[in-house]
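Worksheet for the structure shown next.
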Amino acid sequence: MEERTNRRSRIAALIAGATLLAAACSSGTASSSPAASSGGGGSAAPSAAASGGASAGASGGSAAPSSGGGDLAGQSVTVIGTWGGDEEKAFHQMVAPWEAQTGAKVAYTGTRDLNTVLTTGVASGVLPDLAGLPGPGQMTQWADSLKDLGGVLDVPTYTSETAPALVKLGTVNSKLVGVFIKTAVKGLIWFDPKVLADVGTTPPATWDALQTYITTNKSKAQSPWCLGVESGAASGWPGTDWIEDIVLRQAGPDVYQQWYQGKVKWTDAAIKTAWTTFGDVVKNSFGGSATVNSTNFANAGDPLFKTPPGCMFLHQASFITGLGGFKTAKSGTDYNFFQFPDINTQYTGAVEGAGDLFGMFHDTPAAKSLMAYLVTAPAQDIWVKIGGALSANKNATDYPDDISKRSAAILTSAKIFAFDASDLMPTAMNDAFWKGIVAYIKDPSQLDSILSNLDTVQTSAYAAP
Amino acid sequence: MTAPIGVVAPVAQQQVVAKRERNSRLGRLPIHLTIIILLLVWMIPTIGLFINSLRPTADVNNSGWWTAILHPEQLSFDNYAHVLAESSIGPAFINSLFITIPATVIPVLVAAFAAYAFAWMTFPGRNVLFVIVVGLLVVPLQTTLIPILQLYGPKGFNIAGTFLTVWLAHTAYGLPFAIFLLRNFMGGLPREVFESAAIDGASPVTSFLRLALPMSVPAIAALVIFQFLFVWNDLLVALVYLGSSPQNLPLTVTISNLVTSLGGGWEFLGAAAFISMALPLAVFFGLQRYFVRGITGGSVKG
Amino acid sequence: MDPRLITAIIVVVGVPAVLIGYIILTEQILRPIPDRRRVTLRPWLWLLPALLFLAVFLIYPTIGTIIHSFQNTAGTKFIGLDNYVYFFTSPSTLGALKNNVLWVILLTLLTVGFGMMIAVLVDRVRYETVAKAIIFLPLAISMVAASVIWRFMFLYNAPGETQTGTLNAIVGLFGLGPFPWLQIQDFSFNTILLIVVMAWMWTGFCMVIISAALKGISAELLEAARVDGANEWQVFRRIIFPLLLPTLAVVATTIVITALKAFDIVYVMTGGNFDTQVMAQSMIQEMFTNGNFGRASAVAVVLLITIVPVMALNIRRFQAQEAIR
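Protein chains in written order, with my numbering: chain A, 6 to 470; chain B, 233 to 534; chain C, 4 to 328.
Listed below in structure tokens is the structure:
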């Protein structure tokens, strides 16, 4: 250390430093200058409060020189979601027209730790304006902090443009708190039409017919099924989709509903049969159970495109078209799909779907405007056109190819529509479900203990807090 | 107070002579062999990622990274270009700097004061208090997020989203280890130096600034390296405390956003990791010159 | 110029100035106080900034955690030891505890052992800095990248397919079939693999600190010993190792605590499946996924209690140190 100057200058530096520090605290916020705000009244004194849009509340967001000539010029809406990479780009494209029209900006943060951020946010009051919600189950937990969208959206229009099941899922105690921005169809059976030409023109209508087809055409591929459940901390979820599809068609929508509501036990005969049916699929999967557990779901379908083909079919949701081998393959020529066949003809026409749910934590004018925009058909058309997503709005029909058109039609015309059951279960149950699948694939002989363990989790997961 | 400087020179000189003699005396080969083999094994995983980051995704899925060694013409920096072209990379990098530098400087200083007090001042309850401070190392970061965010949020001081939040938080999180390390090092400094300084009439402040700090430079250098690294690579703390101001988010968030929620785009993570690693490595190399013998000017006692 | 740049400069220059000014100021404050009182008061003034930070950011939340561990999720009523009972009777907990024991023992041995060995060896070669950089690199590379790196190492392709994972390719050279490494639960093999990954990252940490301490050992002392005819192993065992012991204790304590809190590696690589779960993971799960703060707090408190023996050892060590000094 160099020579220190005398004490007096030390004290002077102390005072100076302290003053500067105090000044720093007040200006060390967002990069906006404390200039006069435009639009709705902004904060006057440079208080330490002006952060993003979170504390905007009545004051209408951070001040900045206005861009477009819109009526919300200079304001910003903070949005948080799990989308990253291409998804994030798609979302930005989706909101671009709104930004141009209103002059406001969307400040988006993407994170895989959405649960952590929102849990801490709800507990402390530090929240974004809009947020992607992990699922309807979680949304119910935060219903008190979410704003009522009844005054934000044109509710009659919204209800007419959206499937009733989706509207209902976003409602808690007659308060509409969540809306779906995009959706997906689950349980489509994908195949390569160059290998299995006939199955595209005349898909098997029942599960038994499918099994017969598999037996007859065994020689066309190494194994009947492609399956991969690895997904980091969520490993196992593709297997849960399988079980859900089977329960829905084997035991029916009523059992399905009671099951995800926790009123039907996992050790119940109907559920257990679903698991053993799934077990047959695992036995007939490419590479065996070790491969199933270590292959990431995005690449699970790659053997479809190998020569010679590794498998005949892949069971996966509509969003697979943007992942793995599907990304570089040609829609319609290299891959196609048919719907999951009926198992019990009593429950014909059942479809399982899922979607991305959005909610609002702060009802600033800009946030309200953005929310109202996001549910419209033109907005959702933008993402739909990019590909890999289906819209929740019935009037958004700008699908880029035949496959997505067909997927969307399945959703809108479903006779029996069921939402992804595991997304509707409490998260503790959902997580145990995933882990149960992985354990079952590893060692099918453990099924009984796995199911009774799930029952134990069920008892505490559905209990009131 | 020139004693330390006077001691350094002859020791440094003796060092050079000693090392030269040692070089010729021993069988150096076993040491070199052990080190080289260890280094190679250590590097293989990283080299694997580096080579894969230079290959197109389809190749990565179809063949192991070692196959690319035979076909170097297929390697390209496309992934790196894509990451660098990401519009928010520049601002995020600056944000990371804004977050990391103060969050490194402050804890080191605060810890130095506390470490000196624990090491060279006697007071009742010293050891117990010290152990409590170190024991705080085990407090899981996640248990502090909600209480602190409540303090930062609208119900508290309302500073959420500003850099001050992460500076204060990282300082606090880094203190237990910093105090632990510095106290241990300062405690090992020769007692005579401080005693003779006290006899000469130096105040504790002077002893601290002119003796303890200079002699603790290796430990301080190590601490700076680690604190810088941990704050630079941190994702969760920044996300939770700065999340309401997306324009303030650091590089780690931008990198994690290169991947979609379904995992698409993971091929960019490797390239991003190497880009992000450059600065902490530079800090590491830059501080290596403080890891030299002779600064403590004497034997380190137990 | 970005206004934040000014703020940052103010902070980086101003705060150290303020802090050092504060310390100098303490001497002024103490001047009027009688000598004896001054000696007892001074340490507390020096400790004040650190204690303030720790009290607000670490102690206050911990008190909240301890209280929460006896409450239900909503924090509205006390339910006694229910959360602890749940934790200790849940089937996954015993597996987690067993794994944590393995983590603590193995991680400490590997990182401290290798860290010391490397620090001592490279101290003697000219390319010391490069060697240390290579060992240090994994720590710098961040958890996200480390998980991708080891994904490539452990990758498993179906038997008969080309193996793209490094380990499987290597054992393939010896004609051994591909192994799903992270699924092998026998003898906790997969947990051991995860510990190896973590050791790969943290050995650099131990090495840097031990290297710093190593430089504090006078060259004259070592030279004298060598001139007296001691061979390298004796020099290490009799001189270097004893002098390094306090540093080794610091490093080992830190690693033990890191092992107890480890969860990132497990979370990303196996998600806790295949019998690899650890306590910290169940805590975070309860807290953020299940939203059950009561149970999460109970796990956190258990973590706090487990380090009490480690801390007791450290107290014992300090008291012995004081006696020598």
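Beta carbons: idealized from backbone N, C-alpha and C, even for Gly.
A quick note: this is a predicted structure, and the numbers were derived from the prediction, not measured.
Buried or exposed for LYS387 of chain B, going by 16 or more other Cβ atoms inside 10 Å? With a 10 Å radius around the Cβ and a threshold of 16 neighbouring Cβ atoms, LYS387 of chain B comes out exposed.
Whole angstroms are fine: how far does the CA of PRO19 of chain C sit from the CA of ARG9 of chain A? Bear in mind that the predicted position of ARG9 of chain A carries a pLDDT of just 43, short of 50, making it unreliable; the figure below should be weighed with that in mind. If you take the alpha carbons of ARG9 of chain A and PRO19 of chain C, they lie about 13 Å apart.
Mapping DSSP to helix, strand and coil, what is LEU413 of chain B? Note: LEU413 of chain B maps to helix in three-state DSSP.
Cα separation between ASP432 of chain B and MET447 of chain B? ASP432 of chain B and MET447 of chain B have their C-alpha atoms roughly 19 Å apart.
Measure the C-alpha to C-alpha separation of PRO312 of chain C and VAL363 of chain B and round it to an integer number of angstroms. Approximately 11 Å, taken between the alpha carbons.
Runs of 3 residues minimum, wholly inside the segment 338-362 of chain A: which ones carry the beta strand (DSSP E) assignment? Runs of the beta strand (DSSP E) inside the segment 338-362 of chain A: 341-344.
With a threshold of 16 other CB atoms inside 10 Å of the CB of GLU92 of chain A, please say whether the residue is buried or exposed. Burial call: buried.
Quick one: grab the DSSP three-state call for LYS135 of chain C. Reduced to three states, the DSSP call for LYS135 of chain C is helix.
Coarse secondary structure for SER240 of chain A, derived from DSSP in three states: In the structure shown, SER240 of chain A sits in coil (DSSP, three-state: anything other than H, G, I, E or B).
Quick check on the burial criterion: 16 or more other C-beta atoms within 10 angstroms. Buried or exposed for PHE190 of chain C? Per the 10 Å Cβ criterion, exposed.
Give me, in chain order, the residues of the same chain whose beta-carbon lies closer than 6 Å to that of VAL177 of chain A; leave out the 5 immediate sequence neighbours on both sides. These residues qualify, in order along the chain: THR145 and ALA148.
So, with DSSP's three-state summary, where would you put LEU459 of chain A? DSSP places LEU459 of chain A within a helical segment (H, G or I) once states are collapsed to three.
So LEU329 of chain B contacts chain D; which residues on that side make the cut at Cβ distance below 9 Å? In summary, chain D is missing from the structure at hand, where the protein chains are A, B and C.
So which residues on chain B does GLY218 of chain C lean against when the C-beta distance must stay under 7 Å? According to the sequence shown, residue 218 of chain C is Lys rather than Gly. Taking the beta carbon of LYS218 of chain C as reference, the chain B residues within 7 Å of it are PRO450, PHE523, VAL524 and ARG525, listed in sequence order.
Are VAL190 of chain A and TRP230 of chain A touching if we call contact CB-CB under 8 Å? No.
Taking the DSSP output, what are the residues bridged to CYS209 of chain C? According to DSSP, which records beta bridges pairwise, CYS209 of chain C is partnered with nothing at all.
Report the neighbours of GLY293 of chain A on chain C: residues whose CB is nearer than 9 Å to its CB, in chain order. Neighbours of GLY293 of chain A on chain C, chain order: ALA161 and PRO162.
Closest residue to ALA444 of chain A among C:ASP5, C:SER95 and C:GLN166 (Cα-Cα distance): Considering only alpha carbons, the answer is C:SER95.
Counting only Cβ pairs nearer than 9 Å, list the residues of chain C close to ASN304 of chain A. Result: empty, since nearest Cβ-Cβ is about 10 Å, beyond 9 Å.
In chain B, what lies closer than 8 Å to VAL260 of chain A by C-beta? Neighbours of VAL260 of chain A on chain B: none; closest Cβ ~30 Å, over 8 Å.
Within a Cβ cutoff of 8 Å, which residues of the same chain sit near PRO313 of chain A, ignoring the five residues on either side of it in sequence? Non-local C-beta neighbours of PRO313 of chain A in its own chain, meaning closer than 8 Å and more than five positions away in sequence, comprise ALA226 and GLN227, ordered along the chain.
With a floor of 4 residues, list each alpha helix (DSSP H) that falls wholly inside the segment 387-449 of chain A, ordered by position along the chain. With a minimum length of 4 residues, the continuous alpha helix (DSSP H) runs that stay inside the segment 387-449 of chain A are 407-417, 426-429 and 432-447.
Specify the secondary structure class of GLU235 of chain A as computed by DSSP and reduced to three states. The three-state secondary structure of GLU235 of chain A, taken from DSSP, is strand.
Could you give the residue range of the beta strand (DSSP E) that holds HIS320 of chain A? 316-321 is the span of the beta strand (DSSP E), which, as asked, contains HIS320 of chain A.
So which residues on chain A does VAL271 of chain C lean against when the C-beta distance must stay under 8 Å? Under the 8 Å cutoff, chain A gives GLY237 and ALA238.
List the residues of chain A whose Cβ lies closer than 7 Å to the Cβ of PHE291 of chain C, in chain order. Going along chain A in sequence order, the residues near PHE291 of chain C (Cβ under 7 Å) are ASN120, THR121 and THR124.
Measuring CB to CB, does LEU215 of chain A end up less than 8 Å from SER412 of chain A? Between LEU215 of chain A and SER412 of chain A, the CB-CB gap reaches or exceeds 8 Å.
Residues of the segment 88-115 of chain A with Cβ closer than 7 Å to any Cβ of chain B, in chain order: Answer in chain order: TRP88, GLY89, GLY90, ASP91, GLU92, GLU93, ALA112, TYR113, THR114 and GLY115.
How far does the alpha helix (DSSP H) with LYS173 of chain A in it extend, from its first residue to its last? Residues 169-174.
Under DSSP, the alpha helix (DSSP H) around GLY284 of chain A begins and ends at which residues? Here the alpha helix (DSSP H) through GLY284 of chain A covers 274-288.
Examine the Cβ distances between the segment 196-204 of chain C and the segment 140-150 of chain C and report whether three or more of them are shorter than 8 Å. Flag = yes, the segment 196-204 of chain C and the segment 140-150 of chain C touch.
With a 10 Å radius around its C-beta and 16 neighbouring C-beta atoms as the bar for buried, classify ASN234 of chain C as buried or exposed. Within a 10 Å sphere around the beta-carbon of ASN234 of chain C sit fewer than 16 other beta-carbons, which makes this residue exposed.
Please list, in chain order, all residues of the same chain as ASN2 of chain A whose beta carbon is under 6 Å from its beta carbon, the five residues on each side excluded. Residue 2 of chain A falls outside the range modelled here, since chain A spans only 6 to 470, and no answer is possible.
For GLY357 of chain B, decide whether its Cβ has a neighbour in chain A, counting only Cβ atoms nearer than 8 Å. For GLY357 of chain B, no Cβ of chain A is located within less than 8 Å of the residue's own Cβ.
Starting from TRP195 of chain A, trace the beta strand (DSSP E) both ways and give me its first and last residue. Segment 193-196, the beta strand (DSSP E) holding TRP195 of chain A.
If you measure from the CB of LEU407 of chain B, is any heavy atom of the ligand SAM nearer than 7 Å? The ligand SAM is absent from the structure shown, which contains no ligands of any kind.
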